[in-house]
DNA sequence: ACCCTCACCTGCACGC
DNA sequence: TGCGTGCAGGTGAGGG
């Protein structure tokens, strides 16, 4: 489910919940989750490790453990962490369980089984495939207007597709890509290289605004991993969705009917009046 | 190098 | 009730 703001929320919640805890034992019920590592190797390397920090790179959650290793986790569509006490029942699709030294369990569940976990040496993280190709963090100085202008100018893909490419623009997914384009009043089917240079700053600002507002909106909900009930991502920041899942509804800015089209395999929503070609 | 389509999975909502 | 279809917030492999 998650795009960068949701991942950031999980990182903060994990930080509160597990930093300083030691992993006593690990169980993995879905070997492909941690492939190509073997389950035995994975368990052995994590055994008795202190969790020293939790950070993020793009949509990867980085759980730092002793002996300078990092557990890089990607939630993909349906991955989620939760904290259980020793007598809570395991939820469906719980594929990895980390037993902590305070009698709680950190559980990774994933209905669609797309999520991945890789235990890598900290020194090799930056050169790890899947991570080394990622674009600059959207709130870093490296993600500048000049960077975006240069990136757009080199692509003949549509803006919608380009915004979903994590090696070009980091952090957006299908919802926030649509929201950012709406906010910038740019048509999703516009060829990236053909976007007028004077509109690049608007798009740049819209990307940061959408991601920033979502991070703030989720953070204000003060959700944590110990109380997963009642936690629906959609619910957490639904109010800021202005076009996503609003096909046929009136545009909040101009009243025209929001349209939806399948493009590059994904639903794309836009306002035909605010976001003319 | 680029870009598209499909594949990876389960589950849910919908129409017949 | 069941069954088929389409859809879901992500990405990677493989092909043109």
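Numbering (my numbering), first residue to last: 580 to 856.
C-beta: ideal position from N, C-alpha, C; glycine also.
Keep in mind the model is a prediction, meaning the values are calculated, not measured.
Reduced DSSP secondary structure (H/G/I, E/B, other) of residue 622:
Three-state DSSP puts residue 622 in a helix.
Helix or strand or just coil, what does DSSP make of residue 762?
Residue 762 carries a helical assignment under DSSP once its states are collapsed to helix, strand and coil.
In this structure, what does DSSP give as the bridge partners for residue 606?
DSSP output for residue 606 lists 676 as bridge partner(s).
Could you give the DSSP three-state label for residue 813: helix, strand or coil?
Residue confidence is low: residue 813 scores 46 on pLDDT, short of 50, so the model does not pin down where it sits. Its coordinate-derived value is still stated next. When secondary structure is reduced to three states using DSSP, residue 813 falls in the helix class.
Quick check on this structure: which residue in 600, 825, 746 and 771 has the alpha carbon closest to the alpha carbon of residue 711?
When each option's Cα is compared against that of residue 711, the closest is 746.
Give the DSSP bridge partners of residue 659, in chain order.
Answer is 688.
Among the candidates 790, 688 and 761, whose CA atom is the shortest distance from the CA of residue 831?
Comparing C-alpha distances from residue 831 to each of 790, 688 and 761 shows the shortest one belongs to 761.
Can you look up residue 590 in the DSSP assignment and give me helix, strand or coil?
In the three-state DSSP reduction, residue 590 falls in the helix class (H, G or I).
Please work out which residues of its chain come closer than 7 Å, Cβ to Cβ, to residue 584, disregarding the five sequence neighbours upstream and downstream, and give them in chain order.
Cβ contact annotation for residue 584 (same chain, cutoff 7 Å, sequence separation greater than five): 790, 793, 794 and 797, in chain order.
Just verifying my parser: in three-state terms, what is the DSSP assignment at residue 794?
For residue 794, the secondary structure class from DSSP, reduced to helix, strand or coil, is helix.
Roughly how many whole angstroms lie between the Cα atoms of residue 686 and residue 774?
The straight-line gap from Cα to Cα measures roughly 44 Å.
Roughly how many angstroms separate the alpha carbons of residue 672 and residue 689, rounded to a whole number?
CA-CA distance, residue 672 to residue 689, rounds to 6 Å.
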